[in-house]
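What follows is a set of notes on a single structure, which appears directly below.
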Amino acid sequence: MVATTAHAPGLTVAATARRLGVAPATLRTWDRRYGIGPSDHAPGRHRRYSTTDLARLELMQRALVRGVAPADAARYALSVPAPERAPVPEGNGAQAPARSRGAAGRARGLARAALALDSVAVCDVITESVRGEGVETTWDEVVRPVLGAVGTRWADTATGVEVEHLVTACAVAAFGALLGRPDGAANPARPVLLAAVPGEQHALPVLALSAALRAHGVVPRYLGADLPAAALAAAARRTAPAAVVLWSLLPETADPRLLATLPRTRLRFRTFAAGPGWDATALPERTGRLTSLGAAVATISSAVHV
Ligand code: B12
Numbered sequence: 001m002v003a004t005t006a007h008a009p010g011l012t013v014a015a016t017a018r019r020l021g022v023a024p025a026t027l028r029t030w031d032r033r034y035g036i037g038p039s040d041h042a043p044g045r046h047r048r049y050s051t052t053d054l055a056r057l058e059l060m061q062r063a064l065v066r067g068v069a070p071a072d073a074a075r076y077a078l079s080v081p082a083p084e085r086a087p088v089p090e091g092n093g094a095q096a097p098a099r100s101r102g103a104a105g106r107a108r109g110l111a112r113a114a115l116a117l118d119s120v121a122v123c124d125v126i127t128e129s130v131r132g133e134g135v136e137t138t139w140d141e142v143v144r145p146v147l148g149a150v151g152t153r154w155a156d157t158a159t160g161v162e163v164e165h166l167v168t169a170c171a172v173a174a175f176g177a178l179l180g181r182p183d184g185a186a187n188p189a190r191p192v193l194l195a196a197v198p199g200e201q202h203a204l205p206v207l208a209l210s211a212a213l214r215a216h217g218v219v220p221r222y223l224g225a226d227l228p229a230a231a232l233a234a235a236a237r238r239t240a241p242a243a244v245v246l247w248s249l250l251p252e253t254a255d256p257r258l259l260a261t262l263p264r265t266r267l268r269f270r271t272f273a274a275g276p277g278w279d280a281t282a283l284p285e286r287t288g289r290l291t292s293l294g295a296a297v298a299t300i301s302s303a304v305h306v
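Each residue of the sequence shown is one higher than the last, beginning at 1 in UniProt numbering.
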């Protein structure tokens, strides 16, 4: 238990910063700029944060991770009456996943654990979510919103790359673990090749797609990030795929000339351009477009299971 009430001495700046996973200087800045600090701080005395103050800071942090600007996040946190604020969990946040119910709760747990750089809790939330909600919901409602918020924060403040790497590593582990053959039985179906195009390091969405397809009985051959054209062509020749999925997140990596380097195999395969990178690119008519995880799973499954 944290032995603080609104009137008791409370937590020091350092302890509060540790609990929230931010630098002590950040807390002082929030207090100075946005007026969100210890409620009974007397000039000349050390700052002490009560549980009420902590809950308010936690609300601010959650808003920040959803991409809300700091001033608005602070205003929001200060405007919510005390009883409506969620209690701050004890310890290092590792219990958050156990308390979460459904995807929204898990997303909050993930955001909190990620901000605290608690990789054990981050990996637990994602793994539990995959087990409880499935790959598609975990990607779209738990991991993607947090990565989006982390990306926005990076664009605004050039901070948070460590959070991005930590979440990515756990998501790669959780989705990657699903690529094996759980029942050990031979699967005779033709595979689907999936890769991020040359120059594209953002492979996580296509890994999520690979894992989701696996759950739908499709055999994915996930070939990772930044796959050279020659390697893609060699893989297509060797594996007789039913479909090839080329992922691009950024427009600069979406080069339609890649499609022309795909070999003509005896057993024909369907080709799909997946991801927003291809949005402004003119594609051959026979190349399918995949613009969301759900649609991609449905389209590829029906193309393969004909
Ligand atoms: C994780 C991440 C990384 C990781 C990737 C790890 C991995 N294994 O994937 C690493 C650290 C490698 C990385 C590196 C870089 N990154 Co980065 N990264 C991200 C981050 C946070 C998430 C990427 C992601 O998975 N996006 C997918 C989801 C989260 O995005 P979304 O918009 O919600 O999804 C939409 C579509 O993608 C689609 N969709 C979503 N899921 C799926 C699934 C399927 C199957 C389909 C079909 C569609 C689909 O639907 C959604 C709605 O339209 C983004 C931020 C962001 N918002 O994307 C930055 C971001 C993409 N990165 C960015 C940058 C600049 C870089 C670097 C250049 C940074 C650097 N200086 O080194 C490098 C190099 C990138 C390169 N050459 O490819 C910028 C790109 C800006 C731009 N437009 O040019 C972003 C947008 C951050 C930012 N806000 O500025 N990055």
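No residue lacks a Cβ here, since even glycine has one placed at the ideal position from N, Cα and C.
Nearest to Thr26 by C-alpha distance, out of Ala273, Pro70 and Ala107, is Pro70.
Across the set Ala280, Leu213, Ala229 and Arg112, the C-alpha of Leu213 shows the shortest separation from the C-alpha of Val135. Measuring C-alpha to C-alpha distances from Ala233 to each of Leu178, Leu293, Leu193 and Ile300 identifies Leu193 as the nearest. For Val68, the shortest separation between its Cβ and any heavy atom of ligand 1 does not lie below 7 Å. Within 10 angstroms of the beta-carbon of Thr159 lie fewer than 16 other beta-carbons, which makes it exposed. For Ser79, the Cβ stays outside the 7 Å cut-off from all heavy atoms of ligand 1. Between Thr265 and Arg221, the C-beta spacing is not below 8 Å. In this structure, Leu223 lies away from Gly176, with their beta-carbon atoms at least 8 Å apart. As the crow flies, the alpha-carbon of Asp31 is around 20 Å from that of Asp156. Within a 10 Å sphere around the beta-carbon of Leu267 sit fewer than 16 other beta-carbons, which makes this residue exposed. Short of 8 Å from the beta carbon of Ser39, and not among the five residues preceding or following it, lie these beta carbons of its own chain, in chain order: Ala6, Ser50, Thr52 and Asp53. When DSSP assignments are scanned along the region 243 to 279, the uninterrupted stretches of alpha helix (DSSP H) that are 4 or more residues long and fall wholly within it turn out to be 257 to 260. When the five nearest sequence neighbours on each side are left out, the beta carbons in the same chain lying within less than 7 Å of the beta carbon of Val80 are those of Leu59, in order along the chain. Annotation for Arg289: the continuous beta strand (DSSP E) segment containing it runs Gly288 to Leu290.
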